[in-house]
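J.:
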Amino acid sequence: MLEQYLGVAILMAISCAIAIGMVTATTLLGPKRSFPDKDEPFECGESQIVSPYQRFSVKFYLVAVLFILFDIEAVFLFPWAVLYQRLGWFGLIEMIVFLLILGVGLMYVWVRGGLDWE
Amino acid sequence: MEPITAPIIDFTSLAPVLVLSVFAMMVLLVDLFIGRNKSVLVFISLVGLLCAAVSAFAKGTEIPVSSFNGAYIVDRLSIFFTMIFCMSSALAILLAVEYNKREGIRVGEYYSLILFCTVGMIVLASATDLIMIFLGIEIVSICLYVLAGIRRTDPKSNEAALKYFLLGAFATGFLLYGMTLLYGTTGSVKLATIAQLLNSGEVLAQPLMLLGVVLLVIGFGFKVAAVPFHMWAPDVYQGAPTPVTAFMAVGPKAAAFAAFYRLFAEGIPELAPTWQMTLSIVAVFSMFFGNLGAIMQTNIKRLLAFSSVSHVGYILIAVIAKDTLGSASLMFYMLSYAFMIFGIFGIIIILGRKGHENLELEHYSGLGFKHPLLALCMTMFMLSLGGMPPLAGFVAKFYIFQAALNEGFLWLVIIAVLNSAISFYYYLKVIVFMYMKEPIGEFKISLTPITLFVVAVGIIGTLELGIFPGPIIFLAQY
Amino acid sequence: MVPLSHYLILSATLFSIGVLGVLIRRNAIVVFMCVEIMLNAVNISLIAFDRHLNQHDGQIFSFMVMAVAAAEVSVGLAIIIALFRNRPTVNLDEFNLMKW
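Protein chains in written order, with the working numbering: chain A, 1 to 118; chain B, 1 to 478; chain C, 1 to 100.
Here it is in structure tokens:
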């Protein structure tokens, strides 16, 4: 019974080890220069205290639109992944065709400059 | 775990859809790598539509063929409608060539969107499964939302797109809920299975199912712009670029009617007494409100929008008369309507020039003296829309009325004839403006060859279908 | 086990909330969100029926609804952005260049 979870336990152990290792490594090896911006709770360049009604740049909307489109297509990948072995070659070819069509869309967006920030 | 055997895919049934999808993607990609000259896109799109039209006959004479476990069918209705779609999309592309150049709409996406929309329409006309019908409707609608707003810098076009989008999405909700209730009460999404279950009496007409049918009527009513779900039509027709308006008035409407007919006449014929009553009321209201609304309009595009609402009323009669004659008259009506509408919109485009679309009726005054041939064409289209013999509109209406009489809907026919008489008032108003009023200002029209060609196709079609309807009726019926 | 009718009532309620929202609210984006509520209400019904009938058609249908809804969202947002670039408002009452 418990052997089934051995894989999960190993995975957790490895991920913990990696996380602890990284924190330790940066603490020991990284340079330590502090300045006001860096000491803020979120250091992403945005100021901390702003009105919640402030406007976002319209560029974010474009990214959001594209994200939603390509993200939701993943709903077709999940059932396919679950049945991947039973579907065999047929499933693989179907999915390649599906992804190629999505690829055409991505290519269109890319060449038209939809992915450029400026 | 045992492997799942791959289902048999019937590629010949799907041929027009596959061909068009490939061409649409090709147009999209080619557009990225060519310069500002879009004529090669026009060429590719037309070739694609031609190939699709030819490949619709891939099944040969063995129709009707049902494939994909009964989700997709190739039969007389679907092939005939595929022809209408390919023709109307080709005409919409031709109308746009000079219009887009004149108005400075430099977007190659126009052509690929029309092709994608045609894919959706073909799916819609061939679907015999609720999921496929839903997908078809959405492919068509999403393309149309974008097409309506394709003049990105024009606030009117934006507004048309937004209104169309919000109401279209709203209608989708109703349509889906109706489909869900139908699925839930019968336990199947296949129209054939639903019809069988209802016929055998295993599933009784429960209130939930009737609610589903009503929701379906609302959803389809929005999509085809039937009263009381027509409020978007005038605004969207007015705001969208003229070739898109022409396209919208013909192809997608025909597709929605094909699915409408299939769903109601082939899926739930057992519930006919209920939905025939509901649809009759919708049809009567559409005819009256469409015609009365059109009388008050001064903008030609709005006038045609209301006129199309009233035509939806006539076409609904074909759906109500659900037998073979009903489907044949539906096909014939949509074909003749396509010729008339593209002809009229061709003339509307010719009468405009850069920056001045000349859409008010008063801009048409005196046209009969300055450009007698154009005015004659317009007169013929208007009379044909009203149903004057010997033009296509008359035969189409006559045919629908006959189908309705066979099913015993005399009162509906009487109301429809009465409405045809009312509709002449505003069709004649356009003619009066052209022949009996003094022109205001100078006529500066854009007589461009490709648009003139579309008008000529419209005229020939209208005359042909009016004078020799026999062959087409034969194709539609047998 | 929760009976089918509970799910259907939940779905009908959500659907009605969505419809009311579309009819009452005047902000284009909020109206749009209400349409999404309607679609997701339908999804609940689909899944409930599917479970009740012990089939798979309903699940497939709801996948399609989700994918289509995403496509609709992107087109809708794009239209609203295009509109906003010409006229900085999303209030539906101000879109009156043409009569409703």
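Note that CB positions come from ideal geometry on N, CA and C, so glycine has one too.
As the structure is a computational prediction, the values presented were derived from the model and not from experiment.
Could you check which residue in B:ILE63, B:LEU41 and B:CYS51 has the C-alpha nearest to that of ARG106 (chain B)?
T.: The residue given as residue 106 (chain B) occupies position 106 in the second sequence. Comparing Cα positions, the closest option is B:LEU41.
J.: Got a sec: which bits of the segment 50 to 69 of chain C sit with their beta carbon under 7 Å from any beta carbon on chain A, in order along the chain?
T.: Under the 7 Å Cβ criterion, the segment 50 to 69 of chain C contributes PHE63, MET66 and ALA67.
J.: Runs of 4 residues minimum, wholly inside the segment 169 to 232 of chain B: which ones carry the alpha helix (DSSP H) assignment?
T.: For the segment 169 to 232 of chain B, whole alpha helix (DSSP H) runs of length 4 or above, ordered along the chain, are 191 to 200 and 207 to 224.
J.: Show which residues of chain A have a CB atom less than 9 Å away from the CB atom of ALA78 (chain C).
T.: Sequence index remark: in the third sequence, residue 78 (chain C) carries index 78 (1-based). Here the neighbours are TYR61, LEU62 and VAL65.
J.: Can you pull the chain C neighbours of TYR183 (chain B), defined as C-beta to C-beta under 8 Å?
T.: As a working mapping, residue 183 (chain B) is identified with position 183 in the second sequence. Near TYR183 (chain B) (Cβ distances below 8 Å), the residues of chain C are LEU46, PHE49, ASP57, GLY58 and PHE61.
J.: Would you mind telling me which residues of chain B sit closer than 9 Å to VAL111 (chain A), beta carbon to beta carbon, in chain order?
T.: In the first sequence, counting from the first residue as 1, residue 111 (chain A) sits at position 111. Simply LEU29, LEU32 and PHE33.
J.: Output needed for LEU147 (chain B): all residues of its chain with C-beta closer than 6 Å, excluding positions within five of it in sequence on either side, in chain order.
T.: As a first step, residue 147 (chain B) must be located in the second sequence, where it is residue number 147. For LEU147 (chain B), where only same-chain residues beyond five positions count, the Cβ hits under 6 Å are LEU113 and VAL244.
J.: Between B:GLY219, B:VAL250, B:ALA396 and B:GLU202, which lies nearest to ILE480 (chain B) when the distance is taken from Cα to Cα?
T.: A question about residue 480 (chain B) goes unanswered here, because the residues of chain B that appear run from 1 up to 478.
J.: Straight-line CA distance for ALA78 (chain C) to VAL395 (chain B)?
T.: Counting from 1 along the third sequence, the entry for residue 78 (chain C) is found at position 78. Counting from 1 along the second sequence, the entry for residue 395 (chain B) is found at position 395. Cα-Cα distance, rounded: 44 Å.
J.: Would LEU20 (chain C) pass as an interface residue toward chain B - the criterion being a Cβ-Cβ separation below 9 Å?
T.: Locating residue 20 (chain C) in the third sequence gives position 20, counting from the first residue. Chain B contact via Cβ: absent.
J.: Examine chain A for any beta-carbon lying closer than 9 Å to the beta-carbon of ILE71 (chain C), and answer yes or no.
T.: Taking the first residue of the third sequence as 1, we reach residue 71 (chain C) at position 71. For the record, residue 71 (chain C) in the displayed sequence is Ala; it is not Ile. Closer than 9 Å to some Cβ of chain A, the Cβ of ALA71 (chain C) qualifies, so yes.
J.: So which residues of chain B does LEU169 (chain A) contact, with C-beta pairs closer than 7 Å?
T.: Examination of residue 169 (chain A) is not possible in this model, given that chain A is present from 1 through 118 alone.
J.: Using a cut-off of 7 Å between C-beta atoms, extract the partners of ILE72 (chain A) located in chain C.
T.: Residue numbering aside, residue 72 (chain A) sits at position 72 when the first sequence is read from its first letter. Near ILE72 (chain A) (Cβ distances below 7 Å), the residues of chain C are MET66, ALA67 and ALA70.
J.: Would you say PHE98 (chain A) faces chain B, with C-beta separation under 9 Å as the test?
T.: As a working mapping, residue 98 (chain A) is identified with position 98 in the first sequence. Taking Cβ atoms only, chain B never reaches closer than 9 Å to PHE98 (chain A), which makes this a no.
J.: Using only alpha-carbon positions, find the residue among B:MET209, B:HIS311 and B:GLY355 that is nearest to GLY267 (chain B).
T.: Along the second sequence, read from residue 1 onward, the residue named residue 267 (chain B) stands at position 267. The shortest C-alpha separation from GLY267 (chain B) is found at B:MET209.
J.: Helix, strand or coil for ILE8 (chain B), going by three-state DSSP, please let me know.
T.: If you number the second sequence from 1, residue 8 (chain B) lands on position 8. Looking at ILE8 (chain B) - three-state DSSP - the assignment turns out to be coil, as it is neither helix nor strand.
J.: My output table needs one value for SER5 (chain C): the three-state DSSP class, helix, strand or coil.
T.: For the purposes of this step, residue 5 (chain C) is taken as residue 5 along the third sequence, with counting starting at 1. Three-state DSSP puts SER5 (chain C) in a helix.
J.: Three or more C-beta pairs under 8 Å: does that hold for the segment 287 to 297 of chain B against the segment 332 to 346 of chain B?
T.: Taking 8 Å as the limit for Cβ pairs, the verdict is that the segment 332 to 346 of chain B does not touch the segment 287 to 297 of chain B.
J.: So what does TYR72 (chain B) bridge to, in DSSP terms?
T.: Here residue 72 (chain B) refers to the residue found at position 72 when the second sequence is read from its first residue. According to DSSP, which records beta bridges pairwise, TYR72 (chain B) is partnered with B:SER67 and B:ALA127.
J.: Could you please give the first and the last residue of the uninterrupted alpha helix (DSSP H) stretch that includes ASP57 (chain C)?
T.: Within the third sequence, numbered from 1, the residue matching residue 57 (chain C) stands at position 57. Note, ASP57 (chain C): alpha helix (DSSP H), 57 to 86.
J.: Cβ closer than 8 Å: which chain A residues qualify as neighbours of SER74 (chain C)?
T.: Stepping through the third sequence from its first residue, residue 74 (chain C) is reached at position 74. What SER74 (chain C) touches in chain A: VAL65, LEU66, ILE68 and LEU69.
J.: Would you mind working out which of A:GLY113, A:VAL82, A:ILE18 and A:ILE72 sits nearest LEU99 (chain A), comparing C-alpha positions?
T.: For the purposes of this step, residue 99 (chain A) is identified with residue 99 of the first sequence, where counting begins at 1. Of A:GLY113, A:VAL82, A:ILE18 and A:ILE72, the residue nearest in Cα terms is A:ILE72.
J.: Less than 6 Å between C-beta atoms, sequence neighbours within five positions excluded: which residues of the same chain meet that for ALA481 (chain B)?
T.: Shown here, chain B extends from 1 to 478; a query on residue 481 (chain B) therefore has no answer.
J.: Could you give the distance in angstroms between the alpha-carbon of ILE101 (chain A) and the alpha-carbon of GLU36 (chain C)?
T.: The count along the first sequence starts at 1 and reaches residue 101 (chain A) at position 101. The count along the third sequence starts at 1 and reaches residue 36 (chain C) at position 36. Their backbone Cα atoms lie some 26 Å apart in a straight line.
J.: So for ARG102 (chain B), helix, strand or coil by DSSP?
T.: The count along the second sequence starts at 1 and reaches residue 102 (chain B) at position 102. ARG102 (chain B) falls in the helix class under three-state DSSP.
J.: I think VAL217 (chain B) touches LEU279 (chain B), with their Cβ atoms under 8 Å apart; what is that distance to the nearest whole Å?
T.: As a working mapping, residue 217 (chain B) is identified with position 217 in the second sequence. As a working mapping, residue 279 (chain B) is identified with position 279 in the second sequence. The Cβ separation is near 7 Å, so the contact holds.
J.: Where do the N-terminal and C-terminal ends of the alpha helix (DSSP H) with VAL395 (chain B) fall, by residue?
T.: The sequence position of residue 395 (chain B) within the second sequence is 395, counting from 1. Here the alpha helix (DSSP H) through VAL395 (chain B) covers 392 to 406.
J.: What are the boundary residues of the alpha helix (DSSP H) that includes HIS311 (chain B)?
T.: As a working note, residue 311 (chain B) is residue 311 in the second sequence. Looking at the DSSP string, the run of the alpha helix (DSSP H) that includes HIS311 (chain B) is 300 to 320.
J.: Consider the Cβ of LEU39 (chain C): report whether some Cβ of chain B lies at a distance smaller than 9 Å.
T.: Taking the third sequence and counting its residues from 1, the one referred to as residue 39 (chain C) is at position 39. Yes, contact with chain B.
J.: So if DSSP puts ASN27 (chain C) in a beta bridge, which residue, or which two residues, is it bridged to?
T.: Position 27 of the third sequence, counting from 1, holds the residue named residue 27 (chain C). C:ASN91.
J.: Quick check: what's the CA-CA separation for ILE17 (chain C) versus LEU23 (chain C)?
T.: Stepping through the third sequence from its first residue, residue 17 (chain C) is reached at position 17. Stepping through the third sequence from its first residue, residue 23 (chain C) is reached at position 23. Taking the straight line joining both Cα atoms gives about 10 Å.
J.: Within 10 Å of its beta-carbon, does ILE295 (chain B) have 16 or more other beta-carbons around it, so buried, or fewer, so exposed?
T.: As a first step, residue 295 (chain B) must be located in the second sequence, where it is residue number 295. By the 10 Å Cβ count, ILE295 (chain B) comes out exposed.
J.: Please determine, among C:MET38, C:ALA67, C:GLN55 and C:ALA28, the residue with the shortest C-alpha to C-alpha distance to GLU94 (chain C).
T.: Start at 1 with the first residue of the third sequence, and residue 94 (chain C) comes out as number 94. For GLU94 (chain C), the nearest C-alpha among the options comes from C:ALA28.
J.: Output needed for THR193 (chain B): all residues of its chain with C-beta closer than 8 Å, excluding positions within five of it in sequence on either side, in chain order.
T.: Position 193 of the second sequence, counted from the first residue, corresponds to residue 193 (chain B). Within the same chain, THR193 (chain B) has close Cβ partners GLY70 and THR186.
J.: Could you give the residue range of the alpha helix (DSSP H) that holds TRP110 (chain A)?
T.: Mapped onto the first sequence, residue 110 (chain A) falls at position 110. Unbroken alpha helix (DSSP H) run through TRP110 (chain A): 84 to 111.
J.: Using 10 angstroms around the beta-carbon of PHE78 (chain A), count the other beta-carbons present and answer buried if the total reaches 16, otherwise exposed.
T.: Here residue 78 (chain A) is taken as the residue at index 78 of the first sequence, counted from 1. The residue is exposed, with fewer than 16 neighbouring Cβ atoms inside 10 Å.
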